[in-house]
Amino acid sequence: MNNKLLGGLFFLCLMLFSCSVKQDVNIASPDSNIQLSFTLDNTGKPHYEVFFKNKKILKKSSLGFDFQDKKSFEDHFEMIKSSKQKFNETWKMPWGEQAEVVNDYNELKLELQEKSALKRKLNIIFKIYNDGVGFRYEFPKQDNLKEVLITEENTEFNLTEDYKTFWTPGDWDIYEHLYSTTKLSEIDAKSYIPKTNLAQSYISENSVNTPVTMVGEDGVHVSFHEAALVDYAGMTLKVDTLNLGLKSSLVGSKNTVYKVKKTLPFHTPWRTIQITDNAPDLIASNLIVNLNEPNKLGDVSWFTPMKYTGVWWEMHLGKSSWDYGMEMEDGVWKDTGKAHGKHGATTENVKQFIDFSSKNNIGGVLVEGWNTGWERWIGFEEREGVFDFLTPYPDYNLDEITAYAKEKGVQIIMHHETSAATATYEKQQDAAYALMQKHGMHAVKSGYVGKILPKGEYHHGQYMVNQYNNAAIKAAKYQVAVNAHEPIKATGLRRTYPNIISREGLRGQEFNAWSQDGGNPPEHLSIVAFTRMLAGPIDFTPGIFNIKFDQYKKDNQVNTTLAHQLALYVVIYSPVQMAADLVEHYEANPAPFQFIKDVGVDWEKTDVLNGEVGDFVTIARKERNTGNWFLGAITDENSRTININFDFLDTDTNYEAILYKDGENAHWNTNPLDLKIEKIEITNQSKLTLKLAEGGGLAISIIKK
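Here the sequence shown stands for residues 0 to 704, numbered as in numbering that gives the first Met the number 0.
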């Protein structure tokens, strides 16, 4: 046989092999309830569909990218290779909602290549879990593509019905909007614009932020989000109200045409779809953390989950202020003798919080307004250089306070309000973290209030994603944990960097103190538990006892009962939980305050007992090391009766249960302080039927006897 014939046969074999690679592939979850189908249509355009228990959840949805100065990744692809693998592990949380997490999925990797002369390559990885789907794009190293300027990522999620949707607008700058509940077809994000009176806000189109949660007529629950957001722009979802579709819309910048700049090889964050047939399983899902890489920091035992008090709520009430009253002379902050006398972060005041925390099983004290710069940053356009993260005000002795706190067994939590002036914070970070390390401080609350500097950047674009992540990674080198406010969204990076402990990223408690629209409605946290909390820990600052606070602001109040406030310590998860009210209000109410003293912050196990999105939820958590359980239940503006089965408790064990429940006449507005405390004995055979008042709640300490 001559060489020409051999060569021809070899070429024919290659062609046959290439043609034999199927252009459509299916994969299922380990329990087979979730199925995904991927295909390239006759134009070479990639699509996928998702099924749950044989029902189509997502119909044909396309995948791709638009680039600046390059042809889009849209069609003319062929599948070069597909491969599948199974994976199952159990990993340990150094702190969290549970001690161990099962990471069990089936993976599908698709290697695509354009048919054009450039032969550009794109891989798509799907991981199918029992609780949902995660997928991401990989841009492998290749000769004809070195760098991409992504103007848009065109990932579609096309729904098969007009779901009831719990959403906030796709604001590029802030997550502090109230949730709306509408049909998918009725979403109107731009309707929020006239109501926006926030420090920063930009709603560019009819899009929603994630997590966005939906409930179908047959009880199917779906929530869309992302995981492992690193060196990329945050993703909002543009809404097609006519065709019931969502499409990725990345946060951009005024300074560039592109939204993401990347050098190959790289991969995107995971796009996530949590799917269950009931609301509680959404909260129980570990999809987001499982899609992140394992711990890169190693031992983080220097961070201790804790409750904390602090100089914070009093400023929102107007009892004290963040600023001292200094003036700048010749470029230097000086005490001109004009201090207004309302400064909250004084040595004397902070010592009172330290004493109170030390007596009441509370591990930390947050001090806001301790450092110079607060006089001139509000509303000041050129905020670079305003804040000094090393220099205390004259009435705050940092050395004395930290020594006193150490003596009392309490940690001082540092506060860094950056005013979104990123260059100033970058320049001082190492010195600021070193100062914390010197004084034995292991946690910082950072803030980013205001429009981002440099001008033209947004809080959730690629530039700021890197700012937030790099700040936390640097902090770990100084054994500092970060609780970020005005943050990028939580995407499970706490698994990879366990010093990322909590964050705001929602409309918080402070809106009750100074909002002009009535504050957070009673339903707020019954929605948050099934939306924002799916992303990760929340620093919501619960525990307000003086719910009406008429002494300070007669037109404002907290729109829950006292029992609801107690229940939040269990329902809304964070490894740092603030006892947010003033010390005098706790001292005047020792009986309900006992629950805050007792409740845990670090959990061995979590059971979501019941709930419906936007209506109510009941969660029980088992404390690490003690074996004690704590239970919290909250409801919206409607009163309801809930049934609790205590079969989650250990067998053959007796427990003392202390119930903190709404009184007979409790109501979030007319009688919020009506609270009944009852002590009973229970076992895992016990069952209770309890009533929650309008805007009410229930908290139970379940202590081993």
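Backbone N, C-alpha and C define an ideal beta-carbon position, used for all residues, glycine too.
For Leu8 and Lys260, what's the separation of their Cα atoms in angstroms? Residue 8 sits at position 9 when you count from the first residue of the sequence shown. Residue 260 sits at position 261 when you count from the first residue of the sequence shown. Any reading at Leu8 needs caution, since the residue's pLDDT is 39, under 50, leaving its predicted position unreliable; the model's value is listed next. Taking the straight line from one Cα to the other gives about 44 Å.
Can you grab the Cα-Cα spacing for the pair Ser573 / Met234, in whole Å? Indexing the sequence shown from 1 puts residue 573 at position 574. Indexing the sequence shown from 1 puts residue 234 at position 235. So the alpha carbons of these two residues sit roughly 24 Å apart.
Going by other Cβ atoms of all chains shown within 10 Å of its Cβ, with 16 needed for buried, is Thr650 buried or exposed? What you label residue 650 is simply residue 651 of the sequence shown in a count that begins at 1. By the C-beta density criterion, Thr650 is exposed, having fewer than 16 other C-beta atoms within 10 angstroms.
Does Asn1 pass the burial test, meaning 16 or more other C-beta atoms within 10 Å, or should it be called exposed? The residue you call residue 1 lines up with position 2 of the sequence shown. In this prediction, Asn1 scores a pLDDT of 48, lower than 50, which makes its location untrustworthy; the coordinate-derived value is nonetheless stated afterwards. When all chains shown are included, Asn1 counts as exposed.
Just confirm the distance between the C-beta atoms of Glu655 and Glu680, as a whole number of angstroms; I'd bet it's less than 8 Å. Here residue 655 corresponds to residue number 656 of the sequence shown, with the count starting at 1. Here residue 680 corresponds to residue number 681 of the sequence shown, with the count starting at 1. Contact annotation, Glu655 with Glu680: C-beta distance approximately 6 Å; criterion of less than 8 Å satisfied.
Where Trp513 sits in the DSSP three-state scheme: In the sequence shown, counting from the first residue as 1, residue 513 sits at position 514. Helix.
Is the segment 249-259 in contact with the segment 185-193, if contact means three or more CB pairs nearer than 8 Å? For the pair of segments examined, the segment 249-259 was found not to touch the segment 185-193: the number of CB pairs separated by less than 8 Å stays below three.
Once DSSP output is grouped into helix, strand and coil, what is the label at Met435? Numbered from 1 along the sequence shown, position 436 holds the residue referred to as residue 435. Judged by DSSP in its simplified three-state form, Met435 adopts helix.
C-alpha distance - Leu15 paired with Glu73, whole-angstrom precision: The residue given as residue 15 occupies position 16 in the sequence shown. The residue given as residue 73 occupies position 74 in the sequence shown. Low local confidence applies: a pLDDT of 38 at Leu15 is under 50, so the model's placement there is unreliable, with the coordinate-based value given in what follows. One alpha carbon belongs to Leu15, the other to Glu73, and they sit about 26 Å apart.
Hey, how far is the Cα of Asn25 from the Cα of Val214? Working through the sequence shown from its first residue, we reach residue 25 at position 26. Working through the sequence shown from its first residue, we reach residue 214 at position 215. Taking the straight line joining both Cα atoms gives about 26 Å.
So Thr308 is in the alpha helix (DSSP H); what residue range does that whole segment cover? The residue labelled residue 308 in the question sits at position 309 within the sequence shown. It is not in any alpha helix (DSSP H) - Thr308 instead sits in the beta strand (DSSP E) that spans Met305 to Val310.
Let's test the definition: count the other Cβ atoms within 10 Å of the Cβ of Asp429 and tell me whether it reaches 16, buried, or not, exposed. Reading the sequence shown from its first residue, position 430 is the one you call residue 429. Exposed is the call here.
Cα-Cα separation between Ser501 and Ala470, rounded to whole angstroms: Reading the sequence shown from its first residue, position 502 is the one you call residue 501. Reading the sequence shown from its first residue, position 471 is the one you call residue 470. The C-alpha of Ser501 lies about 14 Å from the C-alpha of Ala470.
Could you please give me the residues that DSSP links to Arg620 through a beta bridge? Working through the sequence shown from its first residue, we reach residue 620 at position 621. According to DSSP, Arg620 bridges with Thr605 and Phe629.
Decide yes or no for the touch test of the segment 380-389 against the segment 419-429: beta carbon pairs closer than 8 Å, at least 3 of them. Enough Cβ pairs lie closer than 8 Å, so yes.
Taking 8 Å as the cut-off, decide whether the C-beta atoms of Leu316 and Lys552 are in contact. Position 317 of the sequence shown, counting from 1, holds the residue named residue 316. Position 553 of the sequence shown, counting from 1, holds the residue named residue 552. Taking 8 Å as the Cβ cut-off, Leu316 and Lys552 qualify as a contacting pair.
Quick one: give me the first and last residue of the beta strand (DSSP E) that Glu137 is part of. As a working mapping, residue 137 is identified with position 138 in the sequence shown. Looking at the DSSP string, the run of the beta strand (DSSP E) that includes Glu137 is Gly131 to Phe138.
Per-residue DSSP class, three states only, for Lys44: Residue 44 sits at position 45 when you count from the first residue of the sequence shown. DSSP places Lys44 in coil when its eight states are reduced to three.
Report back the beta-carbon spacing between Thr560 and Pro671 to the nearest angstrom; my notes put them in contact at under 8 Å. Indexing the sequence shown from 1 puts residue 560 at position 561. Indexing the sequence shown from 1 puts residue 671 at position 672. Taking a contact as a CB-CB distance under 8 Å, the pair Thr560 and Pro671 counts as one, their CB atoms being some 5 Å apart.
Can you give the beta carbon distance from Gly696 to Ala632, rounded, assuming they're within the 8 Å contact cut? Translated into positions along the sequence shown, residue 696 becomes position 697. Translated into positions along the sequence shown, residue 632 becomes position 633. Here Gly696 really is in contact with Ala632; their C-beta atoms are around 6 Å apart, less than 8 Å.
Exposure label - Ser115; buried when at least 16 CB within 10 Å: Here residue 115 corresponds to residue number 116 of the sequence shown, with the count starting at 1. Classification of Ser115: exposed, given that the 10 Å Cβ count is below 16.
Can you list, in chain order, the residues of its chain with a C-beta nearer than 6 Å to that of Leu4? Leave out the 5 residues immediately preceding and following it. By 1-based counting over the sequence shown, the position of residue 4 is 5. Confidence at Leu4 is low in this model, with a pLDDT of 41, below 50, so its placement is unreliable and the value that follows should be read with caution. None.
Going by Cα to Cα distance, which pick from Glu503, Asn129, Ile543 and Ala698 is closest to Glu106? Residue mapping note: residue 106 aligns to position 107 of the sequence shown, counting from 1. Nearest of Glu503, Asn129, Ile543 and Ala698 to Glu106, Cα basis: Asn129.
Going residue by residue through the segment 76-121, where are the continuous beta strand (DSSP E) segments of at least 3 residues, counting only ones entirely within it? For the segment 76-121, the full-length beta strand (DSSP E) segments reaching 3 residues or more read 76-91 and 99-113 along the chain.
Can you tell me whether Ala480 is helix, strand or coil according to DSSP? For the purposes of this step, residue 480 is taken as the residue at position 481 of the sequence shown. If DSSP states are grouped into helix, strand and coil, Ala480 belongs with the strands.
In three-state terms, what does DSSP make of Ala402? Within the sequence shown, numbered from 1, the residue matching residue 402 stands at position 403. Three-state DSSP puts Ala402 in a helix.
So for Val147, helix, strand or coil by DSSP? For the purposes of this step, residue 147 is identified with residue 148 of the sequence shown, where counting begins at 1. Per DSSP, reduced to three states, the secondary structure at Val147 is strand.
What would DSSP say about Asn359, mapped onto helix, strand or coil? By 1-based counting over the sequence shown, the position of residue 359 is 360. The answer is coil: DSSP assigns Asn359 none of H, G, I, E or B.
Quick check on the DSSP output: the beta strand (DSSP E) that includes His224 runs from which residue to which? Along the sequence shown, read from residue 1 onward, the residue named residue 224 stands at position 225. For His224, the enclosing beta strand (DSSP E) starts and ends at His220 to Ala226.
With distances taken from CA atoms, which of Gln461, His176 and Glu160 is nearest Trp166? Sequence index remark: in the sequence shown, residue 166 carries index 167 (1-based). Measuring from the Cα of Trp166, the nearest candidate turns out to be His176.
Mind checking which residues open and close the beta strand (DSSP E) that includes Val288? Within the sequence shown, residue 288 is the residue found at index 289, counting from 1. Val288 -> not in any beta strand (DSSP E); alpha helix (DSSP H) instead, spanning Leu286 to Asn289.
Alpha carbon to alpha carbon, how far is Cys18 from His266? As a first step, residue 18 must be located in the sequence shown, where it is residue number 19. As a first step, residue 266 must be located in the sequence shown, where it is residue number 267. In this prediction, Cys18 scores a pLDDT of 43, lower than 50, which makes its location untrustworthy; the coordinate-derived value is nonetheless stated afterwards. Each residue's CA atom was taken as its position, placing Cys18 and His266 some 28 Å apart.
With a threshold of 16 other CB atoms inside 10 Å of the CB of Lys54, please say whether the residue is buried or exposed. Counting from one through the sequence shown, the residue named residue 54 turns up at place 55. Around the beta carbon of Lys54, fewer than 16 other beta carbons lie within 10 angstroms, which makes this residue exposed.
Secondary structure of Ile679, DSSP reduced to three states: Sequence index remark: in the sequence shown, residue 679 carries index 680 (1-based). Shown here, Ile679 sits in a strand according to DSSP, grouped into three states.
Please report the straight-line C-alpha distance between Thr540 and Leu397, rounded to a whole angstrom. Residue mapping note: residue 540 aligns to position 541 of the sequence shown, counting from 1. Residue mapping note: residue 397 aligns to position 398 of the sequence shown, counting from 1. Our two residues, Thr540 and Leu397, have alpha carbons roughly 24 Å apart in a direct line.
Examine the Cβ distances between the segment 469-483 and the segment 434-441 and report whether three or more of them are shorter than 8 Å. With the cut-off at 8 Å, the segment 469-483 and the segment 434-441 touch.
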